[in-house]
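So the sequence shown is residues 31 to 498, counted in the working numbering. Written out below as structure tokens is the structure these notes cover.
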Amino acid sequence: MYRFFRVAFSGCITLFFCCLSLLTGFSAHSQTRRDLNDNWQFQKEGGAVEQVHLPHTWNAEDPFDDEPGYFRGQGIYTRTVTLSAEESQKDLYLKFEAVNQRATVKVNGVKAGEHKGGYTAFYLKIDEYTHAGENELRVEVDNLHDPSVVPLKGDFNFYGGIYRDVWLEVENEVHFTKDTSLGAEQIYLTSFDTHKEKGGLQLRFHITNTGKEQEILQHLQIYDPGGNLVHQDQVPVDPGMEISKSYTLEKPVLWSPQSPALYRLKLSLWNAETLEVLDAFQTHYAFRYYRFDADSGFYLNGKPLKLIGANRHQDYPGLGNALSNDRHRKDIQLLKDMGANFFRTAHYPQDQAVLNACDSLGLLVSMEIPLDHEMTDSPEFRAQTRHMMEEMIAQHHNHPSIIIWAYMNEMFLGRKLERDQKDIQTIVDFAKEMEGLSRAKASDRYTMIPNHGQLELYERPGLTRLPM
31 MYRFFRVAFS GCITLFFCCL SLLTGFSAHS QTRRDLNDNW QFQKEGGAVE QVHLPHTWNA
91 EDPFDDEPGY FRGQGIYTRT VTLSAEESQK DLYLKFEAVN QRATVKVNGV KAGEHKGGYT
151 AFYLKIDEYT HAGENELRVE VDNLHDPSVV PLKGDFNFYG GIYRDVWLEV ENEVHFTKDT
211 SLGAEQIYLT SFDTHKEKGG LQLRFHITNT GKEQEILQHL QIYDPGGNLV HQDQVPVDPG
271 MEISKSYTLE KPVLWSPQSP ALYRLKLSLW NAETLEVLDA FQTHYAFRYY RFDADSGFYL
331 NGKPLKLIGA NRHQDYPGLG NALSNDRHRK DIQLLKDMGA NFFRTAHYPQ DQAVLNACDS
391 LGLLVSMEIP LDHEMTDSPE FRAQTRHMME EMIAQHHNHP SIIIWAYMNE MFLGRKLERD
451 QKDIQTIVDF AKEMEGLSRA KASDRYTMIP NHGQLELYER PGLTRLPM
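Structure below.
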């Protein structure tokens, strides 16, 4: 590990730690995954009921009018979901890609779970609350200020609503585990010891079995960017424990902005006796390696690369933050067409469609949580912010485009070293916590603390000397 400082992008940015290479992008299951974006009934606090389609925000218009401010309150979404007799006997999960910013989900009148934080996904297991036939979903949402949830402040709007996709995932008793605490599938790809001559791939996954005991086979296939099968194996695996395997490919095709070469991985679980496919997962991944140097800049695959790019908010006139996947992709294509090779997700984790586009088009990414300008010095705030960081890393770990995790932005803006010593020390202490968390969860990436240009404010308290 080593420390370095670099001035880049639109302000002074502190980057930390050296990393190797990383992996993946698009993922899909072979089991039933049903889009629940249609046929919602929505009622804003004190308003009439209307039918809406997701993604949806109740702030699509009021932030853009001539009146100051916009509505921050509660909205309620309801719809029915019909399950067949067969589906009602399966393991059922709801996946919300993002709801801003607090959500309570009820199934047939019973609370199934809740989530705080408007920029990360969450899973709820709901089969104990459902039955064959019609089932009612009710999602109570608010975008009120909450001193325990970031962001507390920022130069962007805190739109309320279910503004990303919602899915019903129907699984067999044996399936790849969904981490309901972090909103992520427990399938992680990490590259190691990667260079021009070989690429190392570590595959980690976890299997759940909620039914009878059975022998299970794991079947893996890896295809190169040209579609050629370059590796396959089939081995017995046990549910209930993490499975970790390592593979080495000779002379891998390396990913870069000029040539975003993606491999394809197919991972499936079979019943060893009947050879029935119990669950299957497909994703893209990439091999590359990179480093920052304080004196000579950024290097990708051993060659210097000047990073050119922009920040991007998920706003659009008339839509607020409720953008379609196609709209997200068009924004990334626009960045690529203007000559960018770098993109910062200011100031929060963005839609999976955004990261998928960066993977396939070849944009390097810095992703961050929305700890922007202010923090609350409380155990609740610290715990919630750490949890959001863990969610972001778990949910986006497999994207080859991401090279940096960031965990706070312009925290000393408007502060004075002598006047605000207590607040500054609180921020520095929390930055050390977040740096340690990032290193523990994702040591293969750099970390970053963007600042607002008054470098002395960040140097004197020691913020630029991270990592420890």
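Beta carbons are placed, not taken as given, at the ideal position from N, Cα and C, and that holds for glycine.
Would you report the Cα separation of residue i and residue j, rounded to the nearest angstrom?
i: residue 409; j: residue 291; result: 44 Å
i: residue 315; j: residue 274; result: 17 Å
i: residue 393; j: residue 86; result: 28 Å
i: residue 286; j: residue 353; result: 27 Å
i: residue 260; j: residue 252; result: 6 Å
i: residue 377; j: residue 397; result: 8 Å
i: residue 344; j: residue 496; result: 30 Å
i: residue 88; j: residue 329; result: 44 Å
i: residue 76; j: residue 230; result: 57 Å
i: residue 494; j: residue 72; result: 47 Å
i: residue 460; j: residue 235; result: 31 Å
i: residue 210; j: residue 152; result: 7 Å
i: residue 254; j: residue 294; result: 7 Å
i: residue 411; j: residue 332; result: 41 Å
i: residue 335; j: residue 126; result: 37 Å
i: residue 308; j: residue 395; result: 35 Å
i: residue 157; j: residue 365; result: 42 Å
i: residue 277; j: residue 341; result: 36 Å
i: residue 484; j: residue 454; result: 14 Å
i: residue 197; j: residue 91; result: 26 Å
i: residue 117; j: residue 167; result: 16 Å
i: residue 238; j: residue 216; result: 10 Å
i: residue 350; j: residue 100; result: 11 Å
i: residue 221; j: residue 232; result: 6 Å
Pop quiz: residue i and residue j are said to be a contact at Cβ under 8 Å. What is the actual Cβ separation, rounded to whole angstroms?
i: residue 109; j: residue 69; result: 5 Å
i: residue 482; j: residue 447; result: Not really, about 14 Å apart at Cβ, beyond 8 Å.
i: residue 403; j: residue 440; result: 6 Å
i: residue 297; j: residue 250; result: 5 Å
i: residue 107; j: residue 400; result: No, residue 107 and residue 400 are not in contact; Cβ-Cβ is about 23 Å, not under 8 Å.
i: residue 104; j: residue 171; result: 7 Å
i: residue 147; j: residue 179; result: 6 Å
i: residue 372; j: residue 476; result: Contact doesn't hold; Cβ gap of about 13 Å is too wide.
i: residue 424; j: residue 128; result: Not really, about 15 Å apart at Cβ, beyond 8 Å.
i: residue 302; j: residue 338; result: With 8 Å as the limit, residue 302 and residue 338 do not qualify as a contact, their Cβ atoms being about 52 Å apart.
When burial is assigned at 16 or more other CB atoms within 10 Å of the CB, is residue i buried or exposed?
i: residue 553; result: Residue 553 is absent from the structure shown; the chain starts at 31 and stops at 498.
i: residue 358; result: buried
i: residue 390; result: buried
i: residue 374; result: buried
i: residue 64; result: exposed
i: residue 270; result: exposed
i: residue 115; result: exposed
i: residue 165; result: buried
i: residue 205; result: buried
i: residue 121; result: buried
i: residue 368; result: exposed
i: residue 434; result: buried
i: residue 382; result: buried
i: residue 326; result: exposed
i: residue 94; result: exposed
i: residue 163; result: exposed
i: residue 111; result: buried
i: residue 208; result: buried
i: residue 258; result: exposed
i: residue 289; result: exposed
i: residue 284; result: buried
Counting only beta-carbon separations shorter than 7 Å, does residue i have a partner in chain D?
i: residue 100; result: Although the question refers to chain D, the structure presented lacks it and comprises just one protein chain.
May I ask whether a heavy atom of the ligand NAD can be found less than 6 Å away from the beta carbon of residue i?
i: residue 99; result: Because no ligand of any kind appears in the structure shown, any question about the ligand NAD cannot be addressed here.
Any chance you could list the beta strand (DSSP E) runs of at least 3 consecutive residues sitting entirely within the stretch 221 to 280, in chain order?
When DSSP assignments are scanned along the stretch 221 to 280, the uninterrupted stretches of beta strand (DSSP E) that are 3 or more residues long and fall wholly within it turn out to be 228 to 239, 246 to 253, 259 to 267 and 272 to 280.
Segment contact flag, the stretch 243 to 250 with the stretch 178 to 194, C-beta cutoff 8 Å, min 3 pairs
no
Threshold first: 3 residues or longer. Then list the beta strand (DSSP E) segments lying entirely within the stretch 369 to 436, N to C.
The stretch 369 to 436 is shown to contain whole beta strand (DSSP E) runs of 3 or more residues at 372 to 374, 394 to 398 and 432 to 436, in chain order.
Any 3 or more C-beta pairs closer than 8 Å across the stretch 73 to 90 and the stretch 191 to 206:
yes
Is the number of C-beta pairs between the stretch 419 to 435 and the stretch 465 to 479 that are closer than 8 Å three or more?
yes
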